[in-house]
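S.K.: Take this structure, written in structure tokens, and hold onto it; I'll ask about it next.
Numbering (this note's numbering), first residue to last: 4 to 117.
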């Protein structure tokens, strides 16, 4: 991302594009991680809620190194939502639904954005 900015120069259109991209990434990360927390909570695990991660606030999900990597290399990651599968009402079902929740949220956002 930074290399692309240096190569193409900084103008008004570039600044607008970068801001729009950062907003989209913040929303995507928040919705993805919230989906994991929401489904885990619905299956009986309150770990994410107790640790303040049951939120759409992007600041709660930012990982320092993942954010730095994002700006330097153009990809990054968020802090994984903590879960305790032993609290699930149905262990296997809870694990499965919680794991695919982020992917389903990403697909939903892709269709919404399209």
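Each residue gets a CB set at the ideal place from its N, CA and C atoms; glycine is no exception.
This one's a predicted model, so the numbers in the text were calculated from it and none came from an experiment.
Hey, how far is the Cα of residue 25 from the Cα of residue 95?
M.R.: Translated into positions along the chain shown, residue 25 becomes position 22. Translated into positions along the chain shown, residue 95 becomes position 92. Cα to Cα, residue 25 sits roughly 36 Å from residue 95.
S.K.: For residue 101, which residues from the same chain have a beta carbon less than 7 Å from its beta carbon, with the 5 sequence-adjacent residues on both sides left out?
M.R.: Sequence index remark: in the chain shown, residue 101 carries index 98 (1-based). Cβ within range, chain order: 39, 42, 43, 46 and 86.
S.K.: For the alpha helix (DSSP H) containing residue 44, name the first residue and the last one.
M.R.: Taking the first residue of the chain shown as position 1, residue 44 is located at position 41. 15–45 is the span of the alpha helix (DSSP H), which, as asked, contains residue 44.
S.K.: Rounded to whole angstroms, what is the Cα-Cα separation between residue 31 and residue 16?
M.R.: Here residue 31 refers to the residue found at position 28 when the chain shown is read from its first residue. Here residue 16 refers to the residue found at position 13 when the chain shown is read from its first residue. In a straight line, the C-alpha of residue 31 is about 22 Å away from that of residue 16.
S.K.: Within 10 Å of its beta-carbon, does residue 75 have 16 or more other beta-carbons around it, so buried, or fewer, so exposed?
M.R.: Along the chain shown, one-based indexing puts residue 75 at 72. By the 10 Å Cβ count, residue 75 comes out exposed.
S.K.: With a Cβ-Cβ cutoff of 9 Å, do residue 80 and residue 97 count as a contact?
M.R.: As a working mapping, residue 80 is identified with position 77 in the chain shown. As a working mapping, residue 97 is identified with position 94 in the chain shown. Not in contact: residue 80 and residue 97 (Cβ atoms no closer than 9 Å).
S.K.: With DSSP as the reference, please indicate the residues paired to residue 81 in a beta bridge.
M.R.: Position 78 of the chain shown, counted from the first residue, corresponds to residue 81. According to DSSP, which records beta bridges pairwise, residue 81 is partnered with 65.
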